[in-house]
DNA sequence: GGAAATGTTTACCG
DNA sequence: CCGGTAAACATTTC
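Numbering (the numbering used here), first residue to last: 496 to 769.
Given below as structure tokens:
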């Protein structure tokens with residue numbers, strides 16, 4: 496469930512199900528579930544009450560009634576599930592209690608690129624999030640300085656918006672969708688772009704991601720689901736990502752797919768001029 | 001069997 | 001230091 500709209504969907508589910516509850520037990524079931532940088536095993540948060548679930552970009556963290564937080568990144572296939580019907584890929588388990596009510600929370604992760612870690616905070620941010628830039632929906636997000644940052648670089652615009660240290664939360668799907676909406680070719684060099692074009696890309700990213708969030712994110716299969724195991728519906732709204740050879744919804748030209756930084760880029764060769 | 005999959009980090013090269 | 005590229009992590013599906 497991995498880009499900003501999907502992670503935010505998970506965060507909202509966690510707010511419903513775990514905030515205000517006390518962690519009775521927490522244990523990792525797979526050696527890769529715990530980030531090597533974690534200050535300790537998951538059991539160190541047993542007894543703590545969850546006060547809030549926060550997010551920056553694709554990073555989540557559980558605020559506790561103690562100085563430490565439980566930070567989490569879903570990687571490519573991580574899930575937090577309340578009522579898992581599939582426990583094949585459960586990598587960690589939490590039992591939470593609120594009075595007599597008991598909640599079992601699973602951290603599932605097929606590809607095991609996701610992780611959990613116990614971290615300290617600095618200025619309210621977990622250690623692993625310190626270098627991550629604010630995402631487009633945060634109060635701290637300053638689009639003017641983000642544009643200046645991007646403009647200083649001789650990198651492709653898609654590389655810039657995928658860089659979590661420049662602006663966080665955007666992954667391969669929403670990068671392609673944002674560039675399509677902004678009519679900007681993914682390989683345009685940032686330093687040669689007009690400020691207004693960079694601005695339009697970022698505005699488009701905000702628009703696309705808020706629309707995706709409204710429908711619970713993008714799910715192609717059951718890997719990307721909320722805490723109740725439900726899929727999001729943004730896949731039906733995709734205009735470029737995964738649409739190779741499909742007609743561009745704006746001009747009818749077949750969407751093109753190219754290799755980009757070891758992955759795929761999808762764009763309309765007519766609308767998005769290089 | 002090969003390729004690809006919504007992420008991040010690191011090594012290496014020029 | 002900068003940017004590009006490939007690989008690494010691991011699993012599953014088409």
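Where is the CB? At the ideal position from N, CA and C, for every residue including glycine.
Inter-residue spacing [alpha-carbon to alpha-carbon] between residue i and residue j
i	j	result
residue 661	residue 701	15 Å
residue 622	residue 767	38 Å
residue 543	residue 758	41 Å
residue 745	residue 674	13 Å
residue 657	residue 595	44 Å
residue 517	residue 591	5 Å
residue 667	residue 760	8 Å
residue 510	residue 567	15 Å
residue 521	residue 602	11 Å
residue 540	residue 735	43 Å
residue 557	residue 546	7 Å
residue 730	residue 738	11 Å
residue 502	residue 741	28 Å
residue 633	residue 639	14 Å
residue 618	residue 650	31 Å
residue 599	residue 560	20 Å
DSSP state of residue i mapped onto helix, strand, coil
i	result
residue 668	helix
residue 706	helix
residue 651	strand
residue 729	helix
residue 625	coil
residue 679	coil
Identified DSSP bridge partners for residue i
i	result
residue 757	Note: residue 757 sits in no beta bridge, so no partner.
residue 573	604
residue 588	522 and 601
residue 630	663
residue 517	544 and 592
residue 752	761
residue 610	568
residue 557	548 and 565
residue 617	620
residue 720	726
Beta-carbon gap between residue i and residue j smaller than 8 Å
i	j	result
residue 515	residue 593	yes
residue 704	residue 652	no
residue 614	residue 534	yes
residue 587	residue 523	yes
residue 769	residue 695	no
residue 624	residue 527	no
residue 609	residue 573	yes
residue 564	residue 616	yes
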